[in-house]
Structure formats: structure tokens, C-alpha cells
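S.K.:
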């Protein structure tokens, strides 16, 4: 097995984030957790992922504080995987990935769902990056400066 290089100590916050959540299985586990999946077997059913790979990904997400385990809600001996505040903080990232795919996917008609707000049942507005004064920002309107 090839050992992956850790980006944990990298000076770039994007690289550091990818070190924690950069593989697709982890992002799909987090996606499922947002939609209420809590049990190992339910993650496995949803993702079709081998038990050993799922075990490693769940352990990593727990070790990084993105998920936590707690006693099963039904009182059984099982453990539930639950998003932490750190995990819930990934919601805008998943929405941005979804919206990017909806805009640029070669076959958007194959996308099976639409993200809507529960209160009004209307599609969620596209995420927009804005300056402090509310002005929309494009990539060319930003730069990096030393801390």
C-alpha cells in the first residue's frame, strides 16, 4: 500500500483541509451524515464501500473531530456517528461542490435531486463570495497576503 503524504503541516489552508477531508469517500460519508445516516451499516449500504475502507475513513473523521460517536439512539449496543460542529462547518463546502456540478456537469439532467430550504421548499440560492461591503468578488478581485 502506498502511504499518502500528509499535508497537515502545510502553510496553505486548502492543503490542510484536503488532508482532513480530501478523498471522495470522506466527503461522501460527510454528505450522508448531513442527511441523517448514523450507523456503520447504513453508510456501507449507501456507499457500497468495503468494510475495511469505511472503518478507516470513519476512524479518521472521528480522530479529526469531524464526526463523533455516541450511544445508539435506539438503546442498542451499536454506536452512532454524528457530525460535530467542525463537521457541520463543512456544509457550505458540500453545497459549493454541488452547485459547481449543477452548473458545469456534462449531464446535469442526470442529477437526481435539488437542494431546497425546508421552510419554503425553494431551491437554495447559489453561494456568492462577497467583500466586507457586500460587493460580489471574482477570483481576480482577491489576492493572498502574509499574516
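Residue numbers (the UniProt record's numbering): 1 to 147. Glycine is no exception: its CB is placed at the ideal position from the N, C-alpha and C atoms.
What did DSSP end up calling residue 82 once you bin it into helix, strand or coil?
M.R.: Position 82 of the chain shown, counted from the start, is the residue given in the question as residue 82. Note: residue 82 maps to strand in three-state DSSP.
S.K.: Use the C-beta contact count for residue 80: other C-beta atoms within 10 angstroms, 16 or more gives buried, fewer gives exposed.
M.R.: Taking the first residue of the chain shown as 1, we reach residue 80 at position 80. Looking at its Cβ environment, which holds 16 or more other Cβ atoms inside 10 Å, residue 80 is buried.
S.K.: DSSP on residue 140, reduced to helix/strand/coil?
M.R.: Within the chain shown, the letter at position 140 stands for residue 140. Correct three-state label for residue 140: helix.
S.K.: From what residue to what residue does the alpha helix (DSSP H) around residue 70 run?
M.R.: Position 70 of the chain shown, counted from the first residue, corresponds to residue 70. First-last for residue 70: 67-71, but that is the beta strand (DSSP E), not the alpha helix (DSSP H).
S.K.: Label residue 87 either buried or exposed according to how many other C-beta atoms from any shown protein chain fall within 10 Å of its C-beta, with 16 as the threshold for buried.
M.R.: In the chain shown, counting from the first residue as 1, residue 87 sits at position 87. Buried, because 16 or more other Cβ atoms sit within 10 Å of the Cβ of residue 87.
S.K.: Can you give me the C-alpha to C-alpha distance between residue 157 and residue 50, rounded to a whole angstrom?
M.R.: Outside the shown range of the chain, which is 1 to 147, sits residue 157, and nothing can be said about it.
S.K.: Helix, strand or coil for residue 123 per DSSP?
M.R.: Numbered from 1 along the chain shown, position 123 holds the residue referred to as residue 123. Here residue 123 sits in strand by DSSP.
S.K.: How do the region 94-110 and the region 59-78 stand: do at least 3 beta-carbon pairs fall below 8 Å, yes or no?
M.R.: Too few Cβ pairs lie closer than 8 Å, so no.
S.K.: Out of 122, 120, 140, 121, which one is the CA nearest neighbour of residue 129?
M.R.: Residue numbering aside, residue 129 sits at position 129 when the chain shown is read from its first letter. Nearest C-alpha to residue 129: 140.
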